[in-house]
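Each residue of the sequence shown is one higher than the last, beginning at 1 in UniProt numbering. Glycine residues also receive a C-beta, built at the ideal position from the N, C-alpha and C atoms. Note sheet for the following structure.
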Amino acid sequence: MTATERRIRAAAMRLFAERGHADLSISDLAAEAGVARGTLYRNVGSMDALFDQVRGDLAVELHQANVEVMDAAGITDPPRRLAVGMRILVRGAHEDPPLGRFLARFALTDESLRSMVAGPPMADVEAGIKAGRYTISADRDLSIASLIMGATVSAIWMVLEGHQAWRDAGTDAAELVLRALGVDPVEARAISTERLP
């Protein structure tokens, strides 16, 4: 991705998050990205296509980044992977508020962002169920995915609105989800408060 494409994507993400939809004008996007309108015409097919690209790329990038961090740290225990993944997303929203606003606005309503939970993270949940780390039954995939994403997005919102620091919001969300999945309360707290890699 070129520097211009990155600027266009970052500007689009900010505007999509602010407005809550993909209905942007070329002029607004050009001004936000600091590029000429002609540059946008050459790089953007349509605003809907740009929105699809931004959300799809973002879902893939966030998931890959989380997996790389966990794999590099040797984290294999399913509850630890879940807690670390949730907390990294909350920290990311703190470090990059436009990203956080985009996630808070679209993560519960958009299929490609929900796939962050419905894909490999749910495989980790299933592995935890099979290993006896979670006491919930495996036939509740959609409910489990909704619980995880809802808690994560709520923690992101708490951070963006200044109600909690990212460490507290991420820790609380991860601990509550682990407890809901059947992890012992003391262990859930210990896992959720471990230093992030």
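Residue environment, residue i, which counts as buried when at least 16 other CB atoms sit within 10 Å
i      : result
Ile26  : exposed
Thr171 : buried
Asp184 : exposed
Ala131 : exposed
Ala188 : buried
Val186 : exposed
Arg195 : exposed
Leu133 : For clarity, residue 133 is Arg in the given sequence; the question names Leu instead. The residue is buried, with at least 16 neighbouring Cβ atoms inside 10 Å.
C-beta contact flag for residue i and residue j at 8 Å
i      : j      : result
Leu24  : Met47  : yes
Val67  : Pro120 : yes
Ile156 : Ile144 : no
Pro79  : Gly34  : no
Ala11  : Met86  : no
Leu160 : Arg91  : no
Ala36  : Ala30  : yes
Pro197 : Ala49  : no
CA-to-CA distance, residue j to residue i, given in whole angstroms
i           : j      : result
residue 207 : Met158 : Outside the modelled stretch of the chain, which goes from 1 to 197, sits residue 207, for which no answer is possible.
Gln164      : Ile88  : 15 Å
Ala190      : Pro98  : 31 Å
Ile8        : Val54  : 10 Å
Val177      : Asp52  : 29 Å
Gly45       : Gly38  : 12 Å
Gly74       : Leu142 : 28 Å
Met1        : Asp28  : 22 Å
Thr76       : Thr193 : 17 Å
Val125      : Gly182 : 12 Å
Residue-chain proximity (residue i, chain D), Cβ-Cβ < 8 Å
i     : result
Glu18 : Although the question refers to chain D, the structure presented lacks it and comprises just one protein chain.
### Task
Mind the definition here: the segment 6-18 touches the segment 91-106 only if three or more C-beta pairs lie below 8 Å; say whether that holds.
yes
### Query
Can you find at least 3 beta carbon pairs, one from the segment 140-156 and one from the segment 64-79, that sit closer than 8 Å?
no
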